[in-house]
Structure formats: C-alpha cells, structure tokens
C-alpha cells in the first residue's frame, strides 16, 4: 500500500490473514500512517521519501488507514481468512475461482456501503461450473 | 349641480370685510384639514410600511447573525474534531478523555453544551447535562447538516456540528448554545432597530403567530400594535421546527412620527393664523374703498358735494371714477330740473315762481331812498294773433317780445308769468327819477312791430305798475297792486300803462264783495224782473214787454244791471243769472193774454254756453208759454267770437219757434253782413238815433228811414228804443218804424203793475194814461 500523490495506492487492498503489508512512501512529503480499526490498531511515525514501513495483519476484518497529517488520505485493507476473495473491478464485477461446491456465504464489503460494518452477506449454494450472483448494495 | 347660495345656509354678515375674512378662513381651514387628514394618514401608512420594512430587513440581519454565530461555533468544533488525539479518543471510545476535551472546548468556545454523537448512535457528553435524543439528530448529522437548532432539555439551542473522521466519519462533535432570553437579547443588540427576538418551536407558537405566513410581516391585534416577522431556522433536530420570531412595536415606531404630526399641526395652526391676518388685510384692501364709496354715497344722498379720490386703476378705481361722473351728471341734471322748474320753456325767462323769489330778494335788499318798479305787462290782442296767424306765430311773437325785453339793461329782472303776460322789475336808485319816464320806456319796448313769417304785426301792451315801498313792501301786496293797475290799464284802453292808486284797491275790494253778494243772490233769489212795454205803432196796441233784471241788494238797495252784469259776465255767473231770467220771464208771461209776448236779453257769454237751447226749451216747457211769444234779444257782439257757431245756435233757437231780435242796432260793426247771414225777426234801433231826432239839422231822420227801409226789404220788423216824447214818436211813425219802447210809454215796472196794465177794460187807455 504505497503513498503517492497524497493518496493510498491502491486505495483498497484485500490480503490474507497474517499477511504483512508494506507501506512504501513514494511522495516527496512525509506521511504518518495510523489505524484505529479493531483488527489492526497501529501507528507508524513519520517517514520520508523512498522509505518503507510494513505492518502485519493477523486478525481478519476491515482496516481503515489514515495519515495523521493528510486528513484526506483514505486507505482500506480487508483482511480475509479465506482464499476465495477478490477486489471488484470498476464495474463492480469480481470473479472467484476454485470455490468448492456446496453451501457458502458471500460477503460484500465496501468502505461506503450503507450497512453495519460496511458489509452485507448472503448464503448461497455453489454448484459446479460457473455461478453468477448479483448483490445489490447501497453506498453512502 | 350645487347652487351655492341655495344649499349653504345664508350667513348674515354686517360687513363685506368680515364675510370675505370668514369665507377665506373657512375655505383655508377645510383645505388644511383635508391636507392634514391625508398627510397624517400617509405618515401613519409610511410609518407602518417603514416599520414593516425595517422588521423584514432585521429578519435578514438576524438570519445572518445566527448564521454567523453557528459558523463561529462550527469553527470551534472543527478545531477539536480535527485534533488527532481527540479523534483517537473518540475512535477508541476513551470517554474520560473525550469528556475532558469537551469541557475544555466549551470554555474555549464560550458555549453551553458540547457533545459527541457516534456513528453508532452513542452520545458522549458530560454527566448531568441535558442532551437531545440521539434518534432525532443522528439522521440530520448523517445527512451532513452542519448547523441548526436542537432541543436541549426545555430550551432550544443553536448547534453546530463537525464530523469526526478517523479517517472515515466515526461521529460528530456538536456544540450548542441555548437561545434563551439573554442570548437573544444579546443578539438583538446587534440589530439596527429595536426588536424583540425569540426562537420557538413552531407548534408552541400561539395566537396570530401560529398560522402566520413565513417571512411576512404581520400585525398583532394588541394595544401596542406589535409587528411580527416569523422565519424558519435550520434545524439539526427532527423533533424541532424552530421559528425565529421578531417583534417590533408599531406603536413605538409611530410614536416617532407623532412628533411629525404635531409639527404639521403646528405649521397648519401657524398657516391658519397667517390666513386670518392676511385674509382680514386682503378684505380690508378690498372693502376699504367700498366703505369709502358707501360713505360717499350716504354723504351725497344727504346733499353734500362729494368727490372720491381715485387711488387705483382697477375695478374699484373705475367705480370711484364712475361715481364721480355720476355725481357730476346728477348735479347737472338737478340744475336742469331746477332751471326747468323755475323757467318758462318757450322764452327761457324766469317763471312766476322764480320771479316771486327774485322780487322777494330784491325787496329785502332795497336800500333807503331806493324804489322798486314792478310792472305787469299784458300783450294786447294776443289772442287775435294766435287766432289769425296760428299758435306757432303766437309763440314766435312771445319769443321776440322776450328778447327785446332782455336787451334792456335797465330791467333788473324779467319774467313770463304765463300766456301773454310778462313782468318786469326795475331797481330805481335815483330818488329824483321820474317813474313815468321809466313806464314809457317799458311801454316803448312793447310798442314795436314784430315780423313773423315775413308778416309785420303791430304789438302793444297794457302795463300795470306798482312801486315799492310806496305801494307796499310785501311781495304779495306789490304783485296784487300791479295786477290791479294792469286791470285798470286794460279798462282804460289798450297800449297804455297805469300806476297803482289806492282807489283801485278800493274798487277791487268792492268788486269782490259784489261777486260774493251776487252768488248769494243767485242762491237766495235776490233778483226781480221789471218789464217795459213794447208798443206797436203799426197796430196801435200793446205788443209785449221787455224783461229787465233788477237786483234788490239787502244793504245797497236796487242795483242796476249796468253795474252787476259786467261782473257776472266776467265771473261766468251770467249763465246762472241768464237762466233765471229766462225761466222767470217765461213763467210770468205765461199768465198774460195770448197776444202779449215777452222779450229777454241774452248775453254773448250765454251764447258760448252749449246748453242755451236746452235751457230755453225747458223754460218754455215748464211755463207752458208758446215759443212764438218769447223773443230773444241779442247784440251784434255775439258774432265776434265765432260766426259759424253763433249762426248754428241761432238756427237751433229759431227751430224752437222763438223769435230773435237784434238789439242795439247801429252801434256795432258792419251790421249789414249779419242781417244778410241771419233772418232776424226784428231790429231794435239804438236809442242814440232816437235821441238825435229832436235836434234839428242832422240826418237822424234819414238814418231811421234807411233802417226801416232796409228792414222792410228784409221782411224784418223795427222797434225804436228810448222814445221819450211825442215828437220822437211822431217822427218814428212817419219814418215807418213798426214799434216803440221808452219812457213815453212807461218806465220798466214790476210784474203786478203789468197785470194792472193788462186789465181787460182798455189796454190803450191804460198806456195812454201814463
């Protein structure tokens, strides 16, 4: 999760539980990254250009990242405990592969999703082959 | 259409000045009152509109103030909400830290309440404080509302919110300041005009405010006439509908304009006073000259000679000029009227009235040894001029006489008294002067030939003269004496003058007495008829009697007709006397034998009286005397006045059947023409011819013979008057005279003697015995 042009790049990152995420500073200004989210509460002191800090996310959940000195900067890391996860494209499509057949629960999360915790879920049955599921969400 | 004079009560003013002043003032007062009403109504309306405008403007100002306050609070909130430590505290739900941070913020931002509303609906604030329900504000906050009104316990408060981001919004920091009375008063102080401001929850508004249209000025129905303006304020609390209510007392606002009204009233009062003063001055300016004119007219009416000063060129000035012209014209007319009243229109000489005045004045100024010569002048035969040449010629004659009199400077005063009578006053200052010369001079003035229409007419005058103081010093007496002298001058013959003598006065007095007595005699029957026999020589018998009047005066005895008949003729009493004679004669004669007739003298005056025939007819009828026994004796003078009339009267008398004889034949004018014009029954030869018969050597015989021959030729009888002796009788018989009358036969005798004479034994004998 780099910082470039006073933005987190990419803004949203899906990682597996236990992963370590690097925060390279590609800007000329310094950043100080923090998170008050329950899965990962941490603060990284100011660090300059071309420096990198990293943080591990051992707990699954949503982590909202901010910069102490740049209030406008928003970054989101979804720590998942399943291999079947992905980030949707600009059109909202995401394709998950290798999902075993049988019962499953689909969870859609979005930072601005109007729902408790910013996510909605649905129990589905996965059949062989390609399955298509459409979930309607409301954003703030 | 309104008729001014009809519909308005008729006010009565003693003077035009007061009327103008009152009407002017009344009109101005009405105009002023209308202006006052209109202006003060407009002031009120202006005041109301102004107050409304002020209130509306204030409402906008107030919105700004509240907005400003909210922004200020927001700014304070923002400072804290951006603080990382605070964000961390909120994110980690560190309540004690949050509470302490909020306290610190409260004191820093000078607000009453500060609290945090979490995104999860958690409200963190100080213990014991009143806070709004989270449900009612959370959605507003979540919708991004930044400021608005919230409910803090019982009070409404202005609140500002600031999101707490970590980095996404995790809650909101809310700062609130209760909008209580003291806070509102503090805000109201910032407004331009005095307003009462409060914020209320809409449903809690009462009265007219409950359903008041927003952002409109409404007027409350209270004593102070408060204007209200209600606006909606932004809200942060769904349970609150905040309304900003601004009140502004219209009464107070208008009170400022009341002063203006008083000023206006003061100006109006001043104007009214000014109009009163100016109005009365204008009225005086208008009525002053009129009052002068009024006074002048009164003075003029009282007979004073007045003239107005012309001060201006306007209507009043022209009126004054016209008045002056009128005064002059009236005076001129008065002078003319006076002149006409005192002058004779024909000759422009003074008339009798003025003459008497002038005589009085001259008499009053008469000095000692001075004499006043007063003459009455009467033109002779003026009537002839009038009758023969016409009245215009007569007038011309009078004018010429007047102008010739005017030429003489010796005459102090000249007057025409009327008709052909003039009067002259000569003031003689020389005591030695002979007044007869003066009289001659005056007479010569009249004795001139006057040429009228190319014809020369001789004039002359009879003049009566009285001289003051000898003949009297009193106007009346002098004039009477001059008149008597004139009377005498006329009797003396024409073209002469006569001075007054005392005897004239005596004669006049006697004449007057006699006239009175004559009237009495007519009334009381003081006359008697005497009869003189007429003897026919032809038939040698008594033919009849001539009736002769006698007047038995109670004190003077019997008076001869020669004395009183002229007076009776002058006074017109002859008509009554003559009528009496005819009646009496007929009455007496009716008792005589049938062959005896009676002769009655008819005066020329009686001939001019139209009732003569009737009188005679009545006398005949009443007495029963046959007409042929009545003989009327007339003289030639009856022909002088009007021949035609006389002839017609004679014919009408003749038609009655009476006989008519011509008396005093031979003494008058050319009698022959009359004889030709009227066939008289008898000619009476005047006694002057008979008297001459006794004298030798004259041609009386021839005259008598000529008359008798003429009468015979005309088939008229003849009678000789005044026969006194046998010789005359003999000659008359020889010359062919038919009858005689005279003392030879008998004097006139009374009626009873006639009866004796007519005793049937022998008439001839009876006469012969006398």
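Chains as they are written, first to last, in my numbering: chain A, 11 to 150; chain B, 314 to 1083. The beta carbon of each residue, even a glycine, is placed where N, CA and C say it ideally should be. Source: prediction; values computed, not measured.
Give me the Cβ distance between residue i and residue j, rounded to the nearest whole Å; I'm assuming they're in contact under 8 Å.
i, j, result
"residue 887 (chain B)", "residue 916 (chain B)", "5 Å"
"residue 714 (chain B)", "residue 772 (chain B)", "7 Å"
"residue 1064 (chain B)", "residue 901 (chain B)", "5 Å"
"residue 566 (chain B)", "residue 364 (chain B)", "4 Å"
"residue 845 (chain B)", "residue 1061 (chain B)", "4 Å"
"residue 46 (chain A)", "residue 479 (chain B)", "5 Å"
"residue 718 (chain B)", "residue 737 (chain B)", "7 Å"
"residue 724 (chain B)", "residue 707 (chain B)", "Contact flag wrong, Cβ pair sits at about 23 Å."
Against chain A, does residue i count as a neighbour if the rule is that its beta carbon must be under 8 Å from one of theirs?
i, result
"residue 481 (chain B)", "yes"
"residue 399 (chain B)", "no"
"residue 404 (chain B)", "yes"
"residue 478 (chain B)", "yes"
"residue 395 (chain B)", "yes"
I need the straight-line Cα distance from residue i to residue j, nearest angstrom please.
i, j, result
"residue 874 (chain B)", "residue 742 (chain B)", "47 Å"
"residue 858 (chain B)", "residue 729 (chain B)", "51 Å"
"residue 1029 (chain B)", "residue 1021 (chain B)", "9 Å"
"residue 924 (chain B)", "residue 949 (chain B)", "20 Å"
"residue 702 (chain B)", "residue 762 (chain B)", "15 Å"
"residue 451 (chain B)", "residue 531 (chain B)", "35 Å"
"residue 595 (chain B)", "residue 563 (chain B)", "45 Å"
"residue 453 (chain B)", "residue 549 (chain B)", "6 Å"
"residue 607 (chain B)", "residue 601 (chain B)", "10 Å"
"residue 898 (chain B)", "residue 842 (chain B)", "7 Å"
"residue 496 (chain B)", "residue 65 (chain A)", "52 Å"
"residue 985 (chain B)", "residue 1042 (chain B)", "25 Å"
"residue 657 (chain B)", "residue 1013 (chain B)", "55 Å"
"residue 838 (chain B)", "residue 847 (chain B)", "27 Å"
"residue 892 (chain B)", "residue 789 (chain B)", "37 Å"
"residue 122 (chain A)", "residue 405 (chain B)", "21 Å"
"residue 569 (chain B)", "residue 498 (chain B)", "23 Å"
"residue 58 (chain A)", "residue 18 (chain A)", "15 Å"
"residue 362 (chain B)", "residue 540 (chain B)", "11 Å"
"residue 667 (chain B)", "residue 653 (chain B)", "11 Å"
"residue 992 (chain B)", "residue 879 (chain B)", "28 Å"
"residue 397 (chain B)", "residue 424 (chain B)", "22 Å"
Using a C-beta cutoff of 8 Å, does residue i count as contacting chain B?
i, result
"residue 37 (chain A)", "no"
"residue 84 (chain A)", "yes"
"residue 46 (chain A)", "yes"
"residue 71 (chain A)", "no"
"residue 55 (chain A)", "no"
"residue 157 (chain A)", "Shown here, chain A extends from 11 to 150; a query on residue 157 (chain A) therefore has no answer."
What do you reckon, are the CB atoms on residue i and residue j nearer than 8 Å?
i, j, result
"residue 994 (chain B)", "residue 1034 (chain B)", "no"
"residue 477 (chain B)", "residue 394 (chain B)", "yes"
"residue 465 (chain B)", "residue 429 (chain B)", "no"
"residue 1055 (chain B)", "residue 1067 (chain B)", "no"
"residue 372 (chain B)", "residue 559 (chain B)", "yes"
"residue 1089 (chain B)", "residue 14 (chain A)", "Limits of chain B in this structure are 314 at one end and 1083 at the other, which puts residue 1089 (chain B) out of reach."
"residue 473 (chain B)", "residue 459 (chain B)", "yes"
"residue 731 (chain B)", "residue 646 (chain B)", "no"
"residue 911 (chain B)", "residue 894 (chain B)", "no"
"residue 936 (chain B)", "residue 974 (chain B)", "no"
"residue 86 (chain A)", "residue 21 (chain A)", "yes"
"residue 418 (chain B)", "residue 484 (chain B)", "no"
"residue 95 (chain A)", "residue 24 (chain A)", "yes"
"residue 34 (chain A)", "residue 62 (chain A)", "yes"
By the criterion of Cβ-Cβ separation under 8 Å, what are the contact partners of residue i in chain C?
i, result
"residue 34 (chain A)", "Chain labels in this structure do not include chain C; the protein chains are A and B."
Checklist line | Segments of 4+ residues assigned as alpha helix (DSSP H) that fall wholly inside the stretch 662-692 of chain B | finding: 665-677
Notebook entry, point to check: Counting only runs that start and end within the stretch 418-472 of chain B, where is the beta strand (DSSP E) found for 3 or more residues in a row?
Noted result: 426-431 and 460-465
Margin query: Report the start-end ranges of each beta strand (DSSP E) in the stretch 69-135 of chain A that is 3 residues or longer and not cut off at the edges.
Written below: 71-77, 84-90 and 112-119
Note to self: Please give the ranges of any alpha helix (DSSP H) in the stretch 838-910 of chain B, keeping only runs that are unbroken, at least 4 residues long and fully inside the region.
What the structure shows: 874-884 and 887-902
Item checked: Minimum length 3: unbroken beta strand (DSSP E) runs contained in the stretch 529-587 of chain B -> 530-532, 539-545 and 555-562
Next item on the list: Return the chain-ordered ranges of every beta strand (DSSP E) run that is complete within the stretch 962-1003 of chain B and spans a minimum of 3 residues.
Entry: 972-978 and 995-998
Notebook entry, point to check: Going along the chain, which unbroken runs of the beta strand (DSSP E) with 3 or more residues stay wholly within the stretch 911-964 of chain B?
Noted result: 943-947
Item checked: Segments of 3+ residues assigned as beta strand (DSSP E) that fall wholly inside the stretch 27-63 of chain A -> 29-34 and 43-45
Margin query: Extract the residue ranges of the beta strand (DSSP E) inside the stretch 770-828 of chain B, only unbroken runs of 3 or more that lie entirely within it.
Written below: 774-781 and 810-812
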